[in-house]
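All remarks here apply to the structure that follows.
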Amino acid sequence: MLGRRGAAVPAVREPVSHALRATGVGKKIDEAVLLLPTDVELGAAECVVLRGPNGSGKTTLLRILAGTMSPSQGEATLDGSLVDERHDSTRTTIAALIGAPATYRDLTLVDHLVLIDSTWGHVGKPAADRADQILELLEIDHLSQRFPHELSSGQQQLFHLSMVLVRPSSILILDEPEQRLDPDKRDLLTAILLDRKDDGSGLLIACHDPAMTAALADSVVDIRSE
Amino acid sequence: MTVADKQRLRQVRSAILGNRPDTSVSNALYPVYVAVIAAASYGVPAAQQLFRSLDGKWLAAHAWTPVGAIVTLSFTAALLALVPLVGRVHGPVVPPLPYLELVVDSPMPRKVTLARNWQLSFGGSIVGGLLVGAVGGAGLAIAKVAAPVVLMPATVCGALIGVLVAELWLQGQVHSTPLALQPDSSLARGRRNALALLDITGLKRQAASNATIGGAVLAGDLRTARLDAARPPTHARQVHLRPSGPLLVIARRDLLGLRRAPWSALYGLGLAAAGSAGLMLSLQSPRTPTLAPLVAMIVAYLGFGALCEGLRLHADNSGTSRLLGLAYRDTALAHLVVPVSAWAVSAAVVSLPLYMTGLLRPSAMVWALGAGALLAGAHLMASFRGLPPAGVFGPRAGVPAMIFWYSKPLLATLVLGTATAAWGARSATPWVAFSWLLIAAAGIIQWGLKLVDKRDRRS
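First to last, the protein sequences are chains A and B.
Position in the first sequence counted from 1, then plus 1300, gives you our numbering.
Position in the second sequence counted from 1, then plus 9, gives you our numbering.
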């Protein structure tokens, strides 16, 4: 049984209902098939989990739906328009953690969160408070004054998650967020994501953890490989 | 090194070599042979051309005065002061990793196992100094800045400086190892024991870094080389980034970065002050040699660059998940706020005493601000230039093409900054030259922004 630990991070923006949809989306580079045509649909307060063996194209599909890669067939849309990360509206709606995000080697953990929150227009004490709350929520507040190169691999994963969770979004796209986390931290992350879903966020997650999948998923999409 | 030590080292070398012949002597001599040919065929003509283009008559009149000697000695001392810093990142004793693991890590004395690497670096440094001295002396003689007899003392001085460089280089490496200089260490300190003071962790770190930096340089990836050479910051972790507006927080981020790299900030501000002062002073007389604004622009470029770490980190981060709520181009421009402000403040601070002592006209400060715009554009270009095009690696292009490709921002700054300053100093209407400086700066900024947009589209 997963416990609900920690309070949810205060919402910085009322979640707005958005629809993210992939229709027959596939990706080929020359003869290499990265993703077979796949359909996915994600609404507000809903969690879709992608499953499949390594190399089946889960990350490729997430990239396409985050608007950082174009499909070679089918179309990916956000509220009816083609999803493209270069549009401000896409970036405002979708927060994605696909691979490790870049960090500044001269900023501490809390500085990163303040920087991200400030660039989204949250100034003054609330931004600093939110940074502290996010770190506390992920139980890494004792690491707030460390630099990224001073973290273990599991701590880095939690830090990367905090960077995505601190920025406003209505849809969270996460690629194997459970990787390198111990069972206790996986439970914690599941609880946080359930809270996000309850607050109205849509979650699209590639996941290999059956317990997390069972706890979070409203629907599961099995990605086929060739 | 005792006879027994030599015997053991011979055994080790024969085990490493197996049945292959020992070509280490010819391997060491071949680069010397190539360097001598390159120095004679390219170095000497380039040196004499350089001295001629830098106003040879003015140099001949001033180089052999007490002031000229002080300037030369100060410049040499400043360069020598940088050598230990190089040694901290990449020392003279960096054997390959397998040799470190299997031989240096053994109970054999480190003075013995590392002696060969040190001798190679020591010899290379002396030969390098000797060649630089000889090329410089020959250039001075051919350009008629000095009598031909200058060749001999220049060569000897070069060799002596080579010895100094090697020793300072080794000391830099010794000081980079946290274990080496612990007060409770039972190892004897001092120059004679320097090789024994090198610890295996530091040697392995430098060897691994050597491979990364070497590969990065060969691939034309200066970013990887820079990040590998940079020391991770650990200062001022208690100072927090203060939340503020989206653009202001980027500037605050850069200021915090400089607080956490205080040496870089001091170096940047010092060179910015020196460069802006040199540039402003060079405008005061039509008789100022072109060399003055050229050196000032080099110093200014280096100083401004040291203050641009935030801009470079932004360029490094392209292609990764975007987390900031600002447009890519706006973030890049926001990263220029700190270096441009620091440049303007440095120029203003250094110009005040010069103005009060009558060495400067107030208009010189305006010129420094225009040069700041040119430097900002050049560093936008430098930060976002990315990797060199594939053509640079082609067999017909070679190393000069790659050096030219990388030097474009520096060359643009030097050519435009020096030409407009020299014109402004000699012209009866310097505002015309200043207008051209501003036009050039606008063009360079536009070029930099095009590179920013290109990187944005690719990421």
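Just so you know, even glycine gets a beta-carbon here, dropped at the ideal spot from N, CA and C.
Being a predicted model, the structure only gives us computed values, none of them experimental.
Requested in this report: Output the distance between the C-alpha atoms of L1335 of chain A and Y108 of chain B, rounded to the nearest integer angstrom.
Outcome: Start at 1 with the first residue of the first sequence, and residue 1335 of chain A comes out as number 35. Start at 1 with the first residue of the second sequence, and residue 108 of chain B comes out as number 99. If I take the Cα positions, the gap works out to 46 angstroms.
**Report entry** Whole-angstrom distance between G52 of chain B and R235 of chain B, CA atom to CA atom
**Finding:** Residue mapping note: residue 235 of chain B aligns to position 226 of the second sequence, counting from 1. Residue mapping note: residue 52 of chain B aligns to position 43 of the second sequence, counting from 1. Going from the Cα of R235 of chain B to the Cα of G52 of chain B covers about 28 angstroms.
Requested in this report: Would you mind telling me which residues of chain B sit closer than 7 angstroms to Q1455 of chain A, beta carbon to beta carbon, in chain order?
Outcome: Here residue 1455 of chain A corresponds to residue number 155 of the first sequence, with the count starting at 1. Correct list: empty, because the minimum Cβ distance to chain B is about 16 angstroms.
Requested in this report: Could you pull the start and end residues of the beta strand (DSSP E) that V153 of chain B belongs to?
Outcome: As a first step, residue 153 of chain B is located in the second sequence; it is residue number 144 there, counting from the start. Here residue 153 of chain B turns out to be Lys, not Val, going by the sequence shown. Premise fails: K153 of chain B is in no beta strand (DSSP E) and is neither H nor E.
Report task. Scan the segment 1451-1483 of chain A and note each continuous alpha helix (DSSP H) run of 4 residues or more that stays entirely inside, going in chain order. Result -> 1453-1466
Query - Distance, L179 of chain B Cα to I170 of chain B Cα - result: Locating residue 170 of chain B in the second sequence gives position 161, counting from the first residue. Locating residue 179 of chain B in the second sequence gives position 170, counting from the first residue. Taking the straight line joining both Cα atoms gives about 14 angstroms.
Query raised in the report: Is the CB of S218 of chain B under 8 angstroms away from at least one CB in chain A?
Result: Within the second sequence, numbered from 1, the residue matching residue 218 of chain B stands at position 209. It does not; no Cβ of chain A falls within 8 angstroms.
Query - alpha helix (DSSP H) segments (min. 4 residues) lying fully within the segment 65-123 of chain B - result: 65-71, 75-98, 119-122
Query - Same chain, Cβ closer than 8 angstroms to I448 of chain B, neighbours up to 5 away in sequence not counted - result: Taking the first residue of the second sequence as position 1, residue 448 of chain B is located at position 439. None.
Requested in this report: Tell whether a beta-carbon distance below 8 angstroms holds between Q455 of chain B and L368 of chain B.
Outcome: As a position in the second sequence, residue 455 of chain B is number 446, starting the count at 1. As a position in the second sequence, residue 368 of chain B is number 359, starting the count at 1. Result no, Cβ atoms of Q455 of chain B and L368 of chain B do not sit closer than 8 angstroms.
Report task. Would you decide whether T422 of chain B is buried or exposed? Buried here means 16 or more other CB atoms lie within 10 Å of its CB. Result -> Residue 422 of chain B sits at position 413 when you count from the first residue of the second sequence. When all chains shown are included, T422 of chain B counts as buried.
Report task. Report buried or exposed for G1324 of chain A, applying the criterion of at least 16 other Cβ atoms within 10 angstroms of its Cβ. Result -> In the first sequence, the residue the question calls residue 1324 of chain A occupies position 24. Classification for G1324 of chain A: exposed.
Query raised in the report: At a CB-CB cut-off below 7 angstroms, which residues of chain B make contact with T1419 of chain A?
Result: Here the question's residue 1419 of chain A lines up with position 119 in the first sequence. Within chain B, the residues near T1419 of chain A are P255, V258, L333, G334, L335.
Report task. Provide the residue span of the beta strand (DSSP E) that contains D1379 of chain A, from first to last. Result -> For the purposes of this step, residue 1379 of chain A is identified with residue 79 of the first sequence, where counting begins at 1. No beta strand (DSSP E) contains D1379 of chain A, which DSSP labels as neither H nor E.
Query raised in the report: In terms of DSSP beta bridges, what is S1519 of chain A paired with?
Result: On the first sequence, residue 1519 of chain A is found 219 positions in, with the first residue counted as 1. In DSSP, S1519 of chain A forms a bridge with A:V1348.
Requested in this report: Would you list, in sequence order, the uninterrupted alpha helix (DSSP H) runs of no fewer than 4 residues that lie entirely inside the segment 240-321 of chain B?
Outcome: 255-269, 271-291, 300-315
Query raised in the report: Around the C-beta of G1303 of chain A, are 16 or more other C-beta atoms found within 10 angstroms, so that it is buried, or is it exposed?
Result: Within the first sequence, the letter at position 3 stands for residue 1303 of chain A. Interpretation of G1303 of chain A is limited by its pLDDT of 46, a score under 50 that renders its predicted location unreliable; no figure is taken from the coordinates.
**Report entry** Own chain residues within Cβ distance below 7 angstroms of V333 of chain B, not counting five before or after
**Finding:** Stepping through the second sequence from its first residue, residue 333 of chain B is reached at position 324. A small correction: the amino acid at residue 333 of chain B is Leu; Val does not occupy that position in the sequence shown. Once the five neighbours on either side are set aside, the close Cβ partners of L333 of chain B are T340.
Report task. Kindly indicate the opening and closing residues of the beta strand (DSSP E) around T1359 of chain A. Result -> For the purposes of this step, residue 1359 of chain A is taken as residue 59 along the first sequence, with counting starting at 1. Segment 1358-1366 is the alpha helix (DSSP H) holding T1359 of chain A; no beta strand (DSSP E) there.
Requested in this report: Could you name the residues of chain B that Q1445 of chain A contacts, counting a contact when the two beta carbons are closer than 9 angstroms?
Outcome: Taking the first sequence and counting its residues from 1, the one referred to as residue 1445 of chain A is at position 145. Ordered by position in chain B, the residues that pass the 9 angstroms Cβ test against Q1445 of chain A are R246, Q247, H249.
Query - Assumed close pair L106 of chain B, A13 of chain B - CB separation to whole angstroms, cut-off 8 angstroms - result: For the purposes of this step, residue 106 of chain B is taken as residue 97 along the second sequence, with counting starting at 1. For the purposes of this step, residue 13 of chain B is taken as residue 4 along the second sequence, with counting starting at 1. Rounded, the Cβ-Cβ distance is 27 angstroms, inconsistent with contact.
Query raised in the report: Using the rule of at least 16 other Cβ atoms within 10 Å of the residue's Cβ for burial, across every protein chain shown, is W376 of chain B buried or exposed?
Result: Looking up residue 376 of chain B in the second sequence gives position 367. It is buried - the Cβ of W376 of chain B has at least 16 other Cβ atoms within 10 Å.
Query raised in the report: Looking only at its own chain, which residues have a Cβ that is under 6 angstroms from the Cβ of L265 of chain B, when we skip the five neighbours before and after it?
Result: By one-based count along the second sequence, residue 265 of chain B stands at place 256. Within the same chain, L265 of chain B has close Cβ partners L250.
Query raised in the report: Which residues, taken in chain order from the segment 259-277 of chain B, show a beta carbon closer than 8 angstroms to some beta carbon of chain A?
Result: I259, R262, L265, G266, R269, A270
Query raised in the report: Are the segment 1342-1356 of chain A and the segment 1400-1412 of chain A touching by the rule of at least three beta carbon pairs closer than 8 angstroms?
Result: no
**Report entry** V1333 of chain A - partner residues in DSSP beta bridges
**Finding:** The residue you call residue 1333 of chain A lines up with position 33 of the first sequence. Looking at the DSSP assignment, V1333 of chain A forms a beta bridge with A:K1328.
Query raised in the report: Taking Cβ-Cβ distances shorter than 8 angstroms, what residues in chain B pair up with V1414 of chain A?
Result: To locate residue 1414 of chain A, count along the first sequence from 1; it is residue 114. Those are H249, L250, R251, P252, V258, listed as they occur along chain B.
Query raised in the report: Does G1303 of chain A have its Cβ less than 8 angstroms from a Cβ in chain B?
Result: Position 3 of the first sequence, counted from the start, is the residue given in the question as residue 1303 of chain A. Its pLDDT being 46, under 50, G1303 of chain A is placed unreliably in this model, and the coordinates cannot settle the point.
Report task. Taking I1505 of chain A and L1474 of chain A to be in contact with their CB atoms under 8 angstroms, please state how far apart those CB atoms are, rounded to whole angstroms. Result -> In the first sequence, the residue the question calls residue 1505 of chain A occupies position 205. In the first sequence, the residue the question calls residue 1474 of chain A occupies position 174. Yes, I1505 of chain A and L1474 of chain A are in contact; Cβ-Cβ is about 5 angstroms, under 8 angstroms.
Query - A238 of chain B versus I222 of chain B - alpha carbon distance - result: The residue labelled residue 238 of chain B in the question sits at position 229 within the second sequence. The residue labelled residue 222 of chain B in the question sits at position 213 within the second sequence. If you take the alpha carbons of A238 of chain B and I222 of chain B, they lie about 8 angstroms apart.
Query raised in the report: Once you ignore the five residues that flank M1301 of chain A on each side, which residues in its own chain have a CB closer than 8 angstroms to its CB?
Result: One-based indexing of the first sequence puts residue 1301 of chain A at position 1. Its pLDDT being 40, under 50, M1301 of chain A is placed unreliably in this model, and the value from its coordinates should be taken loosely. Taken in chain order, the list of residues that qualify is empty.
**Report entry** Cutoff 6 angstroms; reference V112 of chain B; Cβ partners in own chain excluding five residues on either side
**Finding:** On the second sequence, position 103 is the one that residue 112 of chain B refers to. Once the five neighbours on either side are set aside, the close Cβ partners of V112 of chain B are V21, T122.
Query raised in the report: Is it right to say S1271 of chain A is buried, meaning 16 or more other beta carbons lie within 10 angstroms of its own, or is it exposed?
Result: Chain A is shown from 1301 up to 1526; residue 1271 of chain A falls before or after that span and cannot be answered.
**Report entry** Cutoff 8 angstroms: L322 of chain B Cβ touching any chain A Cβ
**Finding:** In the second sequence, the residue the question calls residue 322 of chain B occupies position 313. It does; some Cβ of chain A falls within 8 angstroms.
Query - Any C-beta of chain B under 8 angstroms from that of E1439 of chain A - result: Numbered from 1 along the first sequence, position 139 holds the residue referred to as residue 1439 of chain A. No, its Cβ sits nowhere closer than 8 angstroms to a Cβ of chain B.
Query raised in the report: For M365 of chain B, is the classification buried or exposed, using 16 other Cβ atoms within 10 angstroms of its Cβ as the cut-off for buried?
Result: Here residue 365 of chain B is taken as the residue at index 356 of the second sequence, counted from 1. Burial call: exposed.
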